[in-house]
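Protein chains in written order, with my numbering: chain D, 1 to 115; chain G, 1001 to 1111.
Worksheet: one structure, shown below.
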Amino acid sequence: ETGVTQTPRHLVMGMTNKKSLKCEQHLGHNAMYWYKQSAKKPLELMFVYNFKEQTENNSVPSRFSPECPNSSHLFLHLHTLQPEDSALYLCASSQLQGADLNGYTFGSGTRLTVV
Amino acid sequence: TQLLEQSPQFLSIQEGENLTVYCNSSSVFSSLQWYRQEPGEGPVLLVTVVTGGEVKKLKRLTFQFGDARKDSSLHITAAQPGDTGLYLCAGVGTSYDKVIFGPGTSLSVIP
């Protein structure tokens, strides 16, 4: 499979649940990102990993915990979320962190609903 | 803090019409990217413009980077229903380590 694959596509979870989002890329990219997309708001960068090392955490609450076991896989572990965390969570990758003229390759996202 | 504004926020037009959407900032960017996001999918890169004043064409889409590299426009000629989606601009900071996304223009082309 090519591109960036995110699973699951949809997730409904209670505020006391623990769940994980998965992202996988087979593009040979070295940087991977988690973004949050809420209605009427710009894409919010959450975390950046470059060569498996976390290089950016944009003041994200600790109820979101990222994990990058290798350059091809990225996880976002969720626990005790709030209803306002409901959003589309997008994973992206790029050859280089930040300024890659080829841009980012995004996955299709996970639509998360917290009830 | 670098910010990107996009206008209009929403646009609904008839098939065959022309349109222009804008991306503006008070900051200078080293390059600017345009993405289109269809419902239920992630954004897909359309183009990257690098040089001030640069114009790039992608079929019926024309992208222009402002001379001062602070703004950009996207012009669509003879819009088609397949052009429907959220158009996002993204500026790459001059230190080449930050990409800032605008809030997007939601385009609906009615058959």
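Backbone N, C-alpha and C fix where the C-beta goes; we use that ideal spot for every residue, glycine too.
Spatially closest choice to residue i from the options, by CA coordinates
i: G/L1019; options: G/S1095, G/T1077, G/K1098 and G/L1088; result: G/T1077
i: D/T16; options: D/S72, D/R63 and D/Y89; result: D/R63
i: D/L90; options: D/L81, D/L101 and D/F75; result: D/F75
i: D/N70; options: D/Q6, D/T80, D/F51 and D/L112; result: D/F51
i: G/P1103; options: D/E67, D/P66, D/T110 and D/K41; result: D/K41
i: D/K19; options: D/Y33, D/S65 and D/S108; result: D/S65
i: G/G1082; options: G/V1055, G/K1070, G/S1072 and G/R1060; result: G/R1060
i: G/L1074; options: G/V1092, G/V1099, G/Q1033 and G/S1108; result: G/Q1033
i: D/A150; options: G/K1098, G/P1111, G/E1038 and G/G1091; result: Nothing can be reported for residue 150 of chain D, as the shown portion of chain D is limited to 1 through 115.
i: G/S1026; options: G/L1045, G/T1062, G/E1054 and G/R1069; result: G/R1069
i: G/G1040; options: D/H10, D/S59, D/N57 and D/L43; result: D/H10
i: D/S108; options: G/G1042, G/A1090, G/S1012 and G/Q1014; result: G/G1042
i: D/G3; options: D/N58, D/S72 and D/P61; result: D/S72
i: D/S59; options: D/C68, D/E53, D/E67 and D/M46; result: D/M46
Status (buried if at least 16 other CB within 10 Å, exposed otherwise) for residue i
i: D/V12; result: exposed
i: D/G28; result: exposed
i: D/T105; result: buried
i: G/F1168; result: Nothing can be reported for residue 1168 of chain G: it is not among the residues displayed for chain G, which extend from 1001 to 1111.
i: D/L21; result: buried
i: G/S1031; result: buried
Identity of the residues DSSP links to residue i by a beta bridge
i: D/R111; result: D/H10 and D/L88
i: D/P66; result: D/L76
i: D/M32; result: D/Y49 and D/S93
i: D/K19; result: D/L78
i: G/L1086; result: G/Q1037 and G/S1106
i: G/S1031; result: G/V1092
i: G/S1012; result: G/S1108
i: G/S1073; result: G/Y1022 and G/Q1064
i: G/S1007; result: G/Y1022
i: D/E56; result: D/V48
Residues of its chain near residue i, where Cβ-Cβ distance is below 6 Å and the 5 sequence neighbours each way are ignored
i: D/P83; result: V114
i: G/N1024; result: E1005 and D1071
i: G/S1106; result: F1010 and L1086
i: G/E1017; result: A1079
i: D/L78; result: K19
Any non-hydrogen atom of the ligand GDP closer than 7 Å to residue i Cβ
i: D/N30; result: Questions concerning the ligand GDP fall outside what the structure shown contains, since it holds no ligand whatsoever.
Same chain, Cβ closer than 7 Å to residue i, neighbours up to 5 away in sequence not counted
i: D/T7; result: K22
Cβ-based neighbour list, residue i, same chain, cut-off 8 Å, excluding 5 preceding and 5 following
i: D/N102; result: S94 and Q95
Identify each residue in the region 21-36 of chain D for which the Cβ-Cβ distance to at least one residue of chain G is less than 7 Å, and report them in chain order.
-> none
Select from the region 74-95 of chain D all residues with a C-beta closer than 7 Å to any C-beta belonging to chain G, and list them in chain order.
-> L90
Taking only beta carbons into account, state which residues of the region 1084-1105 of chain G come closer than 9 Å to chain D, listed in chain order.
-> L1088, A1090, V1092, G1093, S1095, Y1096, D1097, K1098, V1099, I1100, F1101, G1102, P1103 and G1104
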